[in-house]
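Structure first, commentary second.
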Amino acid sequence: MNSFVNFLKDFFKNRGLIVFSAFIIEKLVMLINTIFIVKMISQEEFGRVTLIASVLAFFVPLSGFGTFSMLMKFGSEQKSEEDKLRLSQEIFRKGLRNQFILALGFILISSIYTLKFEHLTWIIAMYAVRLIGVFLQAHLTITHRINGKNEKFATINIIVNIVGLIGTFILTYFFGVIGYVISLAIAPFISLFFYNKSIVEKSIQTIQNLDWKKMWRYGWMESIAYFSSELLFSIDIAMIALFMTDKDISLYKVAIILPLNLIFIPSMLFQTDMPRIIQNSKNKAFLKQYILNYYRLFIPLSIVIITGSYFLKDWLIKLFFNETYLQGSKVFFISTLAVVATMLTRVVFINLNSAIGQANWNVRISIISIIFLIIFDLIFIPKYGIEGAAIGMMLTFTLIGIYSAYLFLNYLNTLKSNE
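Position 232 (the sequence shown) corresponds to 232 in full-length UniProt numbering; numbering is contiguous.
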């Protein structure tokens, strides 16, 4: 029990509370945005926005072509703030160039949907602008995180989200769905007010003994893994679009949005602790104790989530949306089960795999996940509709979570106890 108390103390020592607040605010802003826009526009318009947003969702992990993961892992390993800054400077220029290339790819891929759906061109353009802003915001916050400045990281995210929400209200009220998408596009650029000259300057001196080939390989593997992971949350939308209508897309999106947002809880923990986990990636005792304390916290929480979801699903849908979306109540509960399964297995072990440098494992996990989900969706969606999509997600998360745990625990067993 003392180890669990110390686990919580370390979390708060690392400014975990303000990081938690930042994540809460971010998720609340996303939720409020969705609730607000659902009430302000038609289901058809919301379906089109959701469709392009789902494409953007799996381009974001490719940001900088791996520079986020590179900066987090290898920046955390640098001993001095000067070396951390130099690495941030070098990665910034390379990453920003790559981000413009990525935005072009996003436009080309998204444009495929214009063959079936109307009024998508301007939505695609605005989301491409948002993709550039996402890079600028994320690079800045990661630079603060590797220096142990979780408070600055959290403060920036809080301000960006709150100001962005205000902008969403104003622009959507006056310009409808066009204003909504414009507000999403410009929100991450608020982070530019927190940039200082040192971050964007060209590095004068290169850090010695850095294996850039190894770093880029790690970054690419992590990007592919995250890309594939985000693709999981977009495949359902794409498969529903293939078999069903834009109204079904809207109904499914609303039904899963609350459960999927719960994933931020364990993600918040790893956002706070990741530099510390990286520094202890070969410490068997630390890793075992971290996993044990994680389950002490999340098993009781999972029981509460499942119970609450079962009894309150209809009430929550009516509270946050409206009665026209009650058809998605079964999807709501099934997706909650899927989220609990991924919280207890996939989320924890994929993050630990990243910390120990095994990005290739995460790529393997994600590719297998995609194959499973496509197969399950092809089987269940034609027969059960949007409920079939939720069943496919639950089965995929459960099976792949077990496999993720298997890979990491094998690594753990290879470590010596005295390391």
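Where a beta carbon is used, it is the ideal one built from N, C-alpha and C, also for glycine.
With a beta-carbon spacing of about 6 angstroms, S191 and V160 fall inside the 8 angstroms limit used to define contacts.
Its chain contains F233, S335, V339 as the residues whose beta carbon lies nearer than 8 angstroms to that of L260, once the 5 sequence neighbours on both sides are disregarded; these appear in chain order.
Judged by DSSP secondary structure, E118 falls outside any alpha helix (DSSP H); it is assigned neither H nor E. Annotation: the continuous alpha helix (DSSP H) that includes G75 extends over 67 to 77. Spanning the alpha carbons of L184 and E81 requires a straight line of approximately 33 angstroms. In this structure, the beta-carbon distance from A154 to A128 does not fall below 7 angstroms. One Cα belongs to T245, the other to F59, and the distance between them is close to 24 angstroms. Selection I365, P61, Q327, K330 evaluated against T342 yields I365 as nearest (Cα-Cα). Counting only runs of at least 4 residues, the segment 251 to 298 fully encloses the following alpha helix (DSSP H) elements, listed from N- to C-terminal order: 264 to 279.
Non-local beta-carbon contacts of I146 in its own chain, meaning distances under 7 angstroms to residues more than five positions away in sequence, involve L71, M72, G75, S76, K84, P275 in chain order.
Rounded to whole angstroms, the Cβ separation of M215 and V363 is 16 angstroms, and the two are not in contact under 8 angstroms. Non-local C-beta neighbours of Y294 in its own chain, meaning closer than 7 angstroms and more than five positions away in sequence, comprise V348, ordered along the chain. The DSSP-derived three-state label of L210 is coil. Taking a 10 Å sphere around the C-beta of S250, we find 16 or more other C-beta atoms and assign the residue as buried.
Judged by their CB atoms, F332 and A255 are nearer to each other than the 7 angstroms cut-off.
In the three-state reduction of the DSSP assignment, Q43 falls in the helix class, which pools H, G and I.
In summary, D377 is buried, with 16 or more beta-carbon neighbours lying within 10 Å of its beta-carbon over all protein chains present.
As for any alpha helix (DSSP H) of minimum length 4 sitting wholly inside the segment 304 to 392, the runs are 329 to 341, 347 to 355, 359 to 384, ordered along the chain. Our two residues, D248 and S329, have alpha carbons roughly 13 angstroms apart in a direct line. Restricting attention to Y290, A390, R93, K318, the CA atom closest to the CA of L412 is found in Y290. For Y406, the secondary structure class from DSSP, reduced to helix, strand or coil, is helix. For the pair A355 and I278, the CB atoms are nearer than the 7 angstroms cut-off.
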